[in-house]
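Enquirer:
Numbering (the numbering used here), first residue to last: 1 to 665.
Following this line, the structure appears as structure tokens:
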């Protein structure tokens, strides 16, 4: 048989082709699929009217790039059938083209057939083809078959090992990928830049600084650490492991940087809630003429959302508009999330209305915003609209609904939506059970909440008992509160929150000895209470306050302003709620302790440094104080301003003497 690169066809008679494909169809198919240069007939076109016994000489005269360029699955199948019938003599590149086509089409079944053909051919030990077979199995979603092929290979090269490391890392098994590097090195194979990039990605995926540092050492040993892609992977790995200083050091040492390098470091700062640093890096990235990607915008918007810095978020939004970036799902969702989390639900609604296309994530984002802002009715109305559009809700959708019901006190509706999950084939997860306990607990249905916990098909986690403990504090149920606290201490002994709540409950009941016992438990367990702080953003600068803070340059003016506000709100009915002071002091001392809480100082500072009538936005790192909540309702009337406070649970919108939570919080 005559052979030509990459393959040739022998003389075919009509009888040879009759059971497979008509001569005319064969000619037209090869001509259309492989190009004019791919097929040459030895006779004139009238040979297509040939009768039985006449022959066609077909010779391959094509470059490899012309092969199998059709996206039609029949192209590769018919070419493969020619091989099976002995009509076509393939070479390695032909098999690799067929495997590539299987990957493009995601055709695992065809890939298996080609694998079987290779094993019966003279190329069964060809490492180039076997590597592509492994790659085909991986890309078609059959990791097990890829591993079998890997284990059966008589010889392996760096590409073989790297392909399997990639396969494990991309299929959620980074530890298995990392375990292969010692074996690879033992065989004397040298990892390349791509191998190291994937290994570093695997280390970052499991937040293993130990593995990452070991890979870093190998990068230096093999001289790959100066490569921009390896360097970028090092930055990302250290950032994902929480070692931001090390990531910054690697980044600063990169000879050349690209957009991915910047994104890795920005994302690292954002994950550590270092929003200001992330924004500074974004500005530096722009100054050095790197164009932000959708991922960049999404990352910095998330950083703004976490820090609650609305003005900076608006600046990023303006930049998005200026650069002509469309509000697609990626950027649009984070922009919506940023506005909602920074306290501007109205702007979040505008972004939602302008999204290019709405998917379930879009709807979940706006539902989450409504839930955080205590707009239960709007959340349920929006869900009805979502269903009318034909959008299928998912587990997160129902979590948003349950949270909305919990914050609004919609007990019956919350239980209805919990049962509704089964209609959509969704199994409740632990976070759904937590929210139902919160829903029942807030409503004062403590016995029902306890029964729900005991009847749960899953084992209760610490968050379940924390919700019940918080409800017991709210409704002054000491006995059940102590039980819930004990369960919490067993499951999560290092969280200061439950200790503080239990101590507060004892203090409210006047049980000083029990308060001392709880504090001793905290000391023995080395648990420290998180200091309360509040902050406001003024002219792109964040000002942070703690209780009785006197470190701010405007301290005197701030204290004078609060004294003025305090005097005015007392005139219209404000009476300090000293029950929130848990120290055993005289009444006048208790009242004095309340006056300089961090959120009150933040409010006074904002009144001094923002235009009259403008909205004041304050963030707090723990739950807002009950007395401050009461004071802010009166203050919103006195200063004639809207006050929006974000704490760890929700938003409180104070306006004209009332709060959006309806005092149900």
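Using N, Cα and C, we set each Cβ at its ideal position, and we do this for glycine too.
Indicate whether residue 200 and residue 237 have their beta-carbon atoms separated by less than 7 Å.
Expert: Yes, the Cβ-Cβ distance between residue 200 and residue 237 is below 7 Å.
Enquirer: Pick out the complete alpha helix (DSSP H) segments inside the stretch 485-573, 4 residues or longer, and give them in chain order.
Expert: With a minimum length of 4 residues, the continuous alpha helix (DSSP H) runs that stay inside the stretch 485-573 are 496-508, 512-524, 555-571.
Enquirer: Is the beta carbon of residue 248 closer than 7 Å to that of residue 279?
Expert: Cβ atoms of residue 279 and residue 248: not closer than 7 Å.
Enquirer: From the DSSP output, in three-state form, read off residue 660 for me.
Expert: In this structure, residue 660 counts as coil in the three-state DSSP scheme.
Enquirer: Three or more C-beta pairs closer than 8 Å, one from the stretch 569-579 and one from the stretch 520-530: is that the case here?
Expert: Taking 8 Å as the limit for Cβ pairs, the verdict is that the stretch 520-530 does not touch the stretch 569-579.
Enquirer: Enumerate in chain order the residues of its own chain whose CB-to-CB distance from residue 333 is below 7 Å, with the five nearest sequence positions on each side excluded.
Expert: 361, 362, 365.
Enquirer: Report, in whole angstroms, the separation of the C-beta atoms of residue 308 and residue 523, which I expect to be a contact under 8 Å.
Expert: So it is not a contact: roughly 33 Å between Cβ atoms.
Enquirer: My guess is that residue 565 and residue 639 are in contact by the Cβ rule of under 8 Å, so how many angstroms apart are they, rounded?
Expert: Sure, about 7 Å apart at Cβ, within 8 Å.
Enquirer: For residue 183 and residue 214, I'd like the C-alpha separation in whole angstroms.
Expert: If I take the Cα positions, the gap works out to 15 Å.
Enquirer: Considering only residues of the same chain and omitting the five flanking positions on each side of residue 158, which have a CB-CB separation below 8 Å?
Expert: Cβ within range, chain order: 184, 189, 190, 191, 192, 195.
Enquirer: So, with DSSP's three-state summary, where would you put residue 639?
Expert: Three-state DSSP puts residue 639 in coil, outside helix and strand.
Enquirer: Using beta-carbon positions only, say whether residue 96 and residue 132 come within less than 7 Å of one another.
Expert: For residue 96 and residue 132, yes; Cβs fall inside 7 Å.
Enquirer: Is the CB-CB distance between residue 275 and residue 306 below 7 Å?
Expert: Yes, the pair counts as a contact, with Cβ atoms nearer than the cut-off.
Enquirer: Throw me the rounded Cβ distance for the residue 621 and residue 538 pair, which I believe falls under 8 Å.
Expert: So it is not a contact: roughly 18 Å between Cβ atoms.
Enquirer: Could you check if residue 376 is buried or exposed, using at least 16 other CB atoms within 10 Å of its CB as the buried criterion?
Expert: Residue 376 comes out buried.
Enquirer: According to DSSP, is residue 272 helix, strand or coil?
Expert: Note: residue 272 maps to coil in three-state DSSP.
Enquirer: Count the other C-beta atoms from every protein chain shown that fall within 10 angstroms of the C-beta of residue 285, then say buried if there are 16 or more, exposed otherwise.
Expert: It counts as buried.
Enquirer: Decide if residue 601 is buried, meaning its Cβ has at least 16 other Cβ atoms within 10 Å, or exposed.
Expert: It is buried - the Cβ of residue 601 has at least 16 other Cβ atoms within 10 Å.
Enquirer: Select from 457, 493, 477, 431 the residue whose C-alpha is nearest the C-alpha of residue 444.
Expert: Answer by Cα proximity: 477.
Enquirer: Alpha carbon to alpha carbon, how far is residue 130 from residue 151? Give it in angstroms, no decimals.
Expert: Roughly 11 Å separates the two Cα atoms.
Enquirer: Return helix, strand or coil for residue 133, following the three-state DSSP convention.
Expert: Of the three classes helix, strand and coil, the one that applies to residue 133 here is helix, per DSSP.
Enquirer: If the criterion is Cβ atoms closer than 7 Å, does the pair residue 577 and residue 626 meet it?
Expert: Yes, Cβ-Cβ distance for residue 577 and residue 626 is below 7 Å.
Enquirer: Ordered along the chain, which non-local residues of its own chain (more than five positions away) have a Cβ less than 6 Å from that of residue 617?
Expert: Here the set comprises 343, 644.
Enquirer: Over the uninterrupted beta strand (DSSP E) stretch that includes residue 617, give me the two end residues.
Expert: First-last of the beta strand (DSSP E) with residue 617: 616-620.
Enquirer: Tell me which residue opens and which closes the beta strand (DSSP E) that residue 654 is part of.
Expert: Residues 651-655.
Enquirer: Evaluate residue 387 with the Cβ neighbour count: other Cβ atoms within 10 Å of its Cβ, from every protein chain shown; 16 or more gives buried, anything less gives exposed.
Expert: So residue 387 counts as exposed.
Enquirer: Hey, would you say residue 684 sits closer than 7 Å to residue 605, going by beta carbons?
Expert: Because residue 684 is not part of the residues shown, which for the chain are 1 to 665, the question remains open.
Enquirer: Where do the ends of the alpha helix (DSSP H) carrying residue 409 lie?
Expert: Neither: residue 409 is in no alpha helix (DSSP H) and is coded neither H nor E.
Enquirer: Leaving out five residues before and five after residue 368 in sequence, what residues of the same chain have Cβ atoms less than 6 Å from its Cβ?
Expert: Same-chain partners within the cutoff: 400.
Enquirer: Would you tell me roughly how many angstroms separate the C-alpha atoms of residue 124 and residue 149, rounded to the nearest one?
Expert: Taking the straight line joining both Cα atoms gives about 11 Å.
Enquirer: Enumerate in chain order the residues of its own chain whose CB-to-CB distance from residue 44 is below 7 Å, with the five nearest sequence positions on each side excluded.
Expert: The predicted model places residue 44 with a pLDDT of 33, which falls under 50 and marks its position as unreliable; any figure quoted below should be read in that light. Cβ within range, chain order: n/a, list empty.
Enquirer: Any idea what DSSP makes of residue 181, helix, strand or coil?
Expert: Residue 181: helix per DSSP, three-state reduction.
Enquirer: I need the DSSP call for residue 644, collapsed to helix, strand or coil.
Expert: Reduced to three states, the DSSP call for residue 644 is strand.
Enquirer: Here's the rule I'm using: 16 or more other beta-carbon atoms within 10 Å means buried, otherwise exposed. How should residue 575 be labelled?
Expert: Counting Cβ neighbours within 10 Å, residue 575 comes out exposed, since fewer than 16 surround it.
Enquirer: Any idea what DSSP makes of residue 753, helix, strand or coil?
Expert: As shown, the chain starts at 1 and ends at 665. That puts residue 753 outside it, with no answer to give.
Enquirer: Specify whether the stretch 550-559 and the stretch 324-331 touch according to this definition: at least 3 beta carbon pairs, one from each stretch, less than 8 Å apart.
Expert: Verdict: no, contact absent.
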